[in-house]
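Working notes, structure below.
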Amino acid sequence: MTKAKGLEVSLAVAEAVKQANVDVIAAYPITPQTHIVEELSVYVANGELDAEYVPVESEHTAMSASVGSSAAGARTYTATSAQGLALMHEILFIASGLRLPIVMTVANRALSAPISIWNDHGDIMAERDIGWVQIFAENGQEAYDLSIAAFKIAEDHRVLLPVCVNIDGFILTHMIEPVLFIDQKKIDAFLPPFNPALTLDPKKPVTMGPVGVPEVYAESRKQCEQALINSREIVAEVFDQWGKTFDRNYKLIEKNGPDEAKSLFITMGSMGETTMTAVQELTDSGESVGQVRIRLWRPFPKKEFLNAIAGAEELIIIDRALSPGSHNGPVAQEVKALLYDEPVKPRVHNVIAGLGGRDVTVKDFKKMYAMSRKNELDPNYTIWGVRSDA
Amino acid sequence: MWEIRLHGRGGQGAVTSAELLARAAIAKGKFAQAFPSFGPERRGAPVQAFVRVDEKRILKREKIYEPDIVMVLDPTLLDVVNVAEGLKQDGIVVVNSPQSNEELKNRYNWPNVAAVNATRIAVDILSVPITNTTMLGALLKASGIMEAKDMEEVIMDRFGPKLGPKNFSALSKAFEVTNIN
Amino acid sequence: MAESAICAWQKLELGTAITTPGNSAELRTGDWKTLRPETDREKCIKCGMCSIYCPEFCISEAEDGYYPADLFYCKGCGICANECPKKAISMIMD
């Protein structure tokens, strides 16, 4: 086994994108994504990566240029955060509607106002319905691994959809930690060159993005949605292949802690590791508690999720975003909707934690657990740690 | 697990210190994390950086509230910030100061102190009062996390052939002269 | 209503692309006109203004230098007749 290298996770992601041998990078710098695209621009400038780096004037253009280059048959990468992702909004739908396998890193960051450069999942949750495959990484190693795997998933002819890999801003992007890198040869064998199904080619012209009249639009949306639903199996297949090839195993939904745990924390992203420590400490003190991590958010892996929570009496669902005016945060909405059809339903607590970079600690998770046992959490949702005079 | 909190001022290299320590520990086969107190920083403003070092995988992503070691790059911080906040009962304060361990211990009531006049060493060897690499020598000596020589590779990688040897020499000097009590 | 759909979603091209671009040329747009243009070759000076103004782009220069309208596409709007500087075009019942 090769030795782990200590470096900033952003640089590991840039390395992954380089090793994926992308043809085009179109990106606009925004905190906390900046180090990723800065590093890539250095690779392109010094010739380490033979790619076109398009220094666009906005994120709207970053995504527009990505659509164009992917349509021309180029392996295309971009990255952004928060307001940048919001500025891409309308083009994100075009990328999936045209079935273009763009890969994007979202360095998750809270949306303004007030201006926050710190982490939460508000940015990607506002883009839940863009029709992209959406994956959440938990640590630097995953960020590196999944950034490479994302191209394989996106470009699979059974998928042909854009993929976004979410990594928590600062908490992961600016963390220095050990990452194991893979030899270029092995990556080349795992990820063959992009073989587009349809390209903009003057010799064989096609029209991409025509009008979808009412007699076509519904079928067009169905085609994209079905591809997204079907992608669940391909994501699992690629993860499986990753495990066999590189000996690091990833599941769509991952359960940690004792099998028969009565209470389960549900988490997404980097919070999962801190939760694990809390789960371990609670288990050591005799509590029946475990954790379920959602790695694949879109398409939501219903079957795997229901299997993972089977037998649990109580779920403590941690959302890192608000869904203002709704009954719950986005993840809890998803889970509750899923549970409606189940004959046996666990109790659901929803905690919205870590908004705009607020630290969420092992102690916090233990306190959430204690409050859930005493039924002290709000029946809808609790905004964790929000200071109030009431 | 070692949990270390670094205090400095914006521009003094506390974040770089944290990074170098973590990288060296990882190069030695340990597990480590280093991260800044994220956010826009003004030059001269009090800043923090955090390091965790362990023999096994670290499953924790929160700031460090109860450090085993606090490292202070700038003596002028001592009367501005409570650097020892949350410090474990048997914790160590590694501090850049011309004062003796005893003097500091009496004044601040810290459990263990490892003081070194890092500004003096840095000015002598590096010709600048930047103490971040020097202080790593004191930290390693006081904690026993690693030997001074374990830092050489990352220091050379970070500072290059011109400044690398000087920084490593300053680190080694601090390692040599630092005492803990 | 499903009956109004052009085809099943499985039959749509990837991303609803059109792989036979330019197929609008096959669409007969001139099947409903009341009037059609007719050029008086005595008056026509072959200036081509009718071709420039035609909103359907269905008037183009022939080998003999005159500008006949392609009646497969011509909707009979009469703009060519209106713009002709020599009043050489008249609109007659189709």
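Protein chains in written order, with this note's numbering: chain A, 1 to 390; chain B, 1001 to 1181; chain C, 2001 to 2094. Where is the CB? At the ideal position from N, CA and C, for every residue including glycine.
Listed by chain order, chain A residues near residue i by CB distance under 8 Å
i: Ala2008 of chain C; result: Glu219
i: Pro2021 of chain C; result: Pro205, Val206 and Thr207
i: Ala1022 of chain B; result: Gly6, Ile176 and Glu177
Distance, residue j Cα to residue i Cα
i: Ala390 of chain A; j: Glu314 of chain A; result: 28 Å
i: Tyr144 of chain A; j: Met276 of chain A; result: 21 Å
i: Ser1169 of chain B; j: Ala126 of chain A; result: 52 Å
i: Leu339 of chain A; j: Phe300 of chain A; result: 13 Å
i: Ile2092 of chain C; j: Leu2071 of chain C; result: 13 Å
i: Ala2069 of chain C; j: Glu2056 of chain C; result: 10 Å
i: Gln83 of chain A; j: Asp123 of chain A; result: 7 Å
i: Ala14 of chain A; j: Lys5 of chain A; result: 14 Å
i: Asn375 of chain A; j: Ile383 of chain A; result: 15 Å
i: Asp23 of chain A; j: Thr80 of chain A; result: 18 Å
i: Lys186 of chain A; j: Lys1030 of chain B; result: 26 Å
i: Arg232 of chain A; j: Glu342 of chain A; result: 21 Å
i: Lys251 of chain A; j: Thr1016 of chain B; result: 35 Å
i: Ile36 of chain A; j: Pro324 of chain A; result: 31 Å
i: Asn230 of chain A; j: Gly2048 of chain C; result: 57 Å
i: Thr2039 of chain C; j: Ile2089 of chain C; result: 4 Å
i: Ile176 of chain A; j: Lys222 of chain A; result: 43 Å
Interface partners of residue i on chain B, CB under 9 Å
i: Ser270 of chain A; result: Arg1061
i: Thr34 of chain A; result: Those do not exist, as Thr34 of chain A stays about 13 Å from chain B at its closest Cβ, beyond 9 Å.
Cβ-Cβ distance between residue i and residue j below 8 Å
i: Lys302 of chain A; j: Val238 of chain A; result: no
i: Val53 of chain A; j: Ser41 of chain A; result: The sequence given here has Tyr at residue 53 of chain A, not Val. Yes, these two residues count as a Cβ contact at 8 Å.
i: Leu1136 of chain B; j: Leu1021 of chain B; result: yes
i: Ala1049 of chain B; j: Val1070 of chain B; result: no
i: Pro258 of chain A; j: Ala312 of chain A; result: no
i: Ile2018 of chain C; j: Pro214 of chain A; result: no
i: Gly354 of chain A; j: Met271 of chain A; result: yes
i: Asn1112 of chain B; j: Asn1167 of chain B; result: no
i: Glu2061 of chain C; j: Tyr2053 of chain C; result: no
i: Leu228 of chain A; j: Leu161 of chain A; result: yes
i: Ile1155 of chain B; j: Thr1119 of chain B; result: no
i: Lys2043 of chain C; j: Lys2087 of chain C; result: yes
i: Ala2005 of chain C; j: Glu57 of chain A; result: no
i: Val9 of chain A; j: Thr267 of chain A; result: no
i: Thr78 of chain A; j: Ala62 of chain A; result: yes
i: Tyr381 of chain A; j: Asn328 of chain A; result: yes
8 Å Cβ shell around residue i - same chain, five flanking residues per side excluded
i: Ile135 of chain A; result: Leu146, Ala150, Val163, Cys164, Val165, Asn166, Val235, Arg295, Leu296 and Trp297
i: Thr274 of chain A; result: Val360, Thr361, Val362 and Phe365
i: Gly1011 of chain B; result: Arg1043 and Gly1044
i: Val67 of chain A; result: Ile91, Ile94, Ala95, Leu98, Leu100 and Ile102
Neighbouring residues, chain C, relative to residue i (Cβ below 7 Å)
i: Glu215 of chain A; result: Ser2004, Ala2005 and Ile2006
i: Lys222 of chain A; result: Trp2009
Collapsed DSSP secondary structure at residue i in the structure displayed
i: Arg347 of chain A; result: strand
i: Pro2037 of chain C; result: strand
i: Thr1016 of chain B; result: helix
i: Gly1010 of chain B; result: coil
i: Gly6 of chain A; result: strand
i: Thr1134 of chain B; result: helix
i: Met63 of chain A; result: helix
i: Asn1179 of chain B; result: coil
i: Arg1061 of chain B; result: coil
i: Asn1106 of chain B; result: helix
Same chain only: Cβ atoms within 7 Å of residue i, ignoring 5 sequence neighbours per side
i: Val1183 of chain B; result: The structure shown does not extend to residue 1183 of chain B, since chain B is modelled only from 1001 through 1181, so no value can be given for it.
i: Val279 of chain A; result: Asn256, Gly257, Phe265, Val289, Gly290 and Gln291
i: Ala12 of chain A; result: Gly140, Ala143, Tyr144 and Val179
i: Ile1125 of chain B; result: Lys1166, Ser1169, Ala1170 and Lys1173
i: His60 of chain A; result: Leu87, Met88 and Ile91
i: Cys2084 of chain C; result: Met2049 and Cys2050
i: Ser326 of chain A; result: Gln333
Cβ-heavy atom distance, residue i to the ligand HEM, below 7 Å
i: Gly122 of chain A; result: Ligands in the displayed structure: none, and consequently the ligand HEM is not present.
Chain-ordered chain C contacts of residue i [CB-CB under 9 Å]
i: Leu160 of chain A; result: Leu2014 and Gly2015
i: Leu98 of chain A; result: Leu2014, Gly2015, Thr2016 and Ala2017
Contacting residues, own chain, Cβ-Cβ under 6 Å from residue i (five flanking each side not counted)
i: Asp1150 of chain B; result: Ala1024 and Lys1028
i: Ser116 of chain A; result: Ala110 and Gly356
i: Trp1110 of chain B; result: Ala1084 and Val1093
i: Cys2074 of chain C; result: Gly2030 and Cys2058
i: His349 of chain A; result: Ile316, Ser372 and Leu377
Contacts that residue i makes with chain B (C-beta to C-beta distance below 8 Å)
i: Glu38 of chain A; result: Going along chain B, no residue has its Cβ under 8 Å from Glu38 of chain A, so there is no contact; the nearest lies around 16 Å.
Proximal chain C residues relative to residue i, where beta-carbon distance stays under 8 Å
i: Gly409 of chain A; result: Examination of residue 409 of chain A is not possible in this model, given that chain A is present from 1 through 390 alone.
Listed by chain order, chain B residues near residue i by CB distance under 7 Å
i: Glu273 of chain A; result: Leu1059, Lys1060 and Arg1061
Residue i: contacting residues in chain A (beta-carbon distance under 7 Å)
i: Ala1019 of chain B; result: One detail in the question is off: residue 1019 of chain B reads as Glu in this sequence, not Ala. Under the 7 Å cutoff, chain A gives Ile176.
i: Ala1148 of chain B; result: Those within 7 Å of Ala1148 of chain B in chain A number zero; the least Cβ separation is about 18 Å.
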